[in-house]
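Heads up: the protein sequence lines correspond to chains A and B, in order. In this text, residue positions in the first sequence follow this note's numbering: the first is 1, and each later residue adds one. In this text, residue positions in the second sequence follow this note's numbering: the first is 1, and each later residue adds one.
Number of protein chains: 2
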Amino acid sequence: MTPKTHISQTLPFRWQDIPVLAYKEDGGTHFKGITRQVLFDEDDKLGVQLRYFEIAPEGHSTLERHDHAHCVMVVKGRGQALVGSEIHALGTNDLVRVPPNTWHQFRATAGEPLGFLCLVSRERDKPERPGAAALAILRADPQVSSFLRV
Amino acid sequence: MTPKTHISQTLPFRWQDIPVLAYKEDGGTHFKGITRQVLFDEDDKLGVQLRYFEIAPEGHSTLERHDHAHCVMVVKGRGQALVGSEIHALGTNDLVRVPPNTWHQFRATAGEPLGFLCLVSRERDKPERPGAAALAILRADPQVSSFLRV
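In structure tokens, the structure reads:
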């Protein structure tokens with residue numbers, strides 16, 4: 001089937017024939033209140049996927065790192081992100097770059113949803129969650145320590 | 001220099017240290033009222049660029065085609081796009097897929113700016129503009145004919 005050339009938004013941040021998916025297929029308790037929608041994928045032959053994630057108020061993504069990079073653009077709401085050892089306050093249309101092998105976590109801390117586009121390679125490694133030693137290093141910074149949700 | 005991990009929006013659809021560029025460096029009269037900002041590029045090692053284009057009211061992009069594909073997401077305003085032989089009415093957050101070798105043109109026809117993200121391969125071929133024969137074929141459809149700006 002030929003991919004459609006126009007995909008309308010049907011409700012705010014919902015698109016025609018694009019399913020709202022679980023954030024991660026394997027479940028887990030290391031994230032909270034987050035959905036995933038794949039906007040562009042292999043049909044588009046760019047070697048990347050563009051996904052839309054939405055974190056409900058007080059929710060968060062998994063604290064993790066991996067070899068692949070993320071390019072992120074906030075398109076709804078506000079929140080915060082840890083990237084490496086820095087915590088950024090995020091507003092709509094802000095950009096976030098997660099370099100390879102960098103601990104990161106997104107949180108909807110502003111009492112409103114945090115919705116963002118995330119660009120990744122289609123071929124990518126599996127995320128790694130921090131072990132006790134990595135957590136101890138991250139927690140050495142009191143601000144980071146109080147930000148983390150694991 | 002290490003790329004920054006957080007790039008704030010400073011004014012609506014303007015970003016810290018991201019210049020507002022001409023739509024095309026070679027100038028031309030085949031487009032009108034359109035700017036370009038490169039949000040993510042080679043630093044991000046994904047083989048793609050994510051650009052933000054904004055078309056002023058009554059402006060338009062070049063009518064063109066090329067071997068590379070575009071993945072587009074409208075993030076500001078409304079307008080219309082020709083993709084192949086179809087004219088789509090575009091609203092904020094709509095997605096547009098421009099397949100390879102497909103004539104396309106974006107226009108800000110709604111009395112407001114049309115701003116969109118456009119994802120492309122970093123390595124890509126040069127766009128081709130229609131010659132007289134291709135224009136005649138496009139113009140055989142009266143709706144398309146009245147839409148085109150060349």
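Using N, Cα and C, we set each Cβ at its ideal position, and we do this for glycine too.
query, result
"Using DSSP's beta-bridge definition, name the partner residues of Arg139/A.", "Arg139/A pairs with nothing; no bridge assigned."
"DSSP three-state label for Val83/A, please.", "strand"
"Return no unless some Cβ of chain B is closer than 7 angstroms to the Cβ of Gln49/A.", "no"
"Counting only beta-carbon separations shorter than 7 angstroms, does Cys118/B have a partner in chain A?", "no"
"So, helix, strand or coil for Ala133/B, using DSSP?", "helix"
"In the DSSP assignment, what are the bridge partners of Val20/A?", "Paired residues: none, contrary to the question."
"Where Arg122/B and Val83/A are concerned, what is the direct C-alpha to C-alpha distance, given to the nearest angstrom?", "25 angstroms"
"By DSSP's criteria, Thr35/A is part of a beta bridge. Which residues make up the other side?", "Ala22/A, Glu54/A"
"Give me whichever residues DSSP pairs with Val74/B in a beta bridge.", "Phe116/B"
"Which residues bound the beta strand (DSSP E) around Val98/A?", "95-98"
"Would you say Pro154/B lies against chain A (beta-carbon separation less than 7 angstroms)?", "Given a span of 1 to 150 for chain B in the structure shown, any question on residue 154/B remains unanswerable."
"In whole angstroms, what is the alpha-carbon distance linking Gly131/B and Val96/B?", "25 angstroms"
"Mapping the DSSP letters down to three states, classify Glu64/B as helix, strand or coil.", "strand"
"For Thr109/B, which option in Ile7/B, Phe116/B, Gly79/B has the closest C-alpha, if you only look at C-alpha atoms?", "Gly79/B"
"What residues from the region 87-103 of chain A come within 9 angstroms of chain B, judged by C-beta to C-beta, listed N to C?", "His88, Ala89, Leu90, Gly91, Thr92, Asn93, Asp94, Leu95, Val96, Arg97, Val98, Pro99, Pro100, Thr102"
"Just the C-alpha distance for Gly33/A and Pro100/A, rounded to the nearest angstrom, thanks.", "25 angstroms"
"Please report the residue range of the beta strand (DSSP E) in which His104/B lies.", "104-107"
"Tell me which same chain residues have a C-beta within less than 6 angstroms of the C-beta of Leu21/B, skipping the five on either side of it?", "Arg36"
"Could you tell me the distance, in whole angstroms, from the CA atom of Gly59/B to the CA atom of Arg107/B?", "6 angstroms"
"Let me make sure I understand the geometry here. Which of Ala69/B, Val98/B, His68/B has the alpha-carbon closest to that of Ala81/B?", "Val98/B"
"Are the beta-carbon atoms belonging to Leu39/B and Leu119/B less than 7 angstroms from one another?", "no"
"In the DSSP output, what is His88/B paired with across the bridge?", "Ala81/B"
"Going by alpha carbons, who is nearest to Tyr23/A out of Ile55/A, Gln9/A, Gln16/A, Thr2/A?", "Ile55/A"
"Would you mind telling me which residues of chain B sit closer than 8 angstroms to Ser85/A, beta carbon to beta carbon, in chain order?", "Within chain B, no residue comes near Ser85/A; the closest Cβ sits about 10 angstroms away, beyond 8 angstroms."
"Going by DSSP, what residues sit across from His6/B in a beta bridge?", "Val96/A"
"Comparing the C-beta of Gln105/A with each C-beta of chain B, is any distance below 7 angstroms?", "no"
"Cβ atoms of Ala69/B and Asp17/A: under 7 angstroms apart, would you say?", "no"
"Below 9 angstroms between beta carbons is the criterion; list the residues of the region 120-142 of chain A that meet it against any residue of chain B, in chain order.", "Val120, Ser121"
"Would Ala69/B pass as an interface residue toward chain A - the criterion being a Cβ-Cβ separation below 7 angstroms?", "yes"
"By the 10 Å Cβ neighbour count, where 16 or more other Cβ atoms means buried, how is Ile87/A classified, buried or exposed?", "buried"
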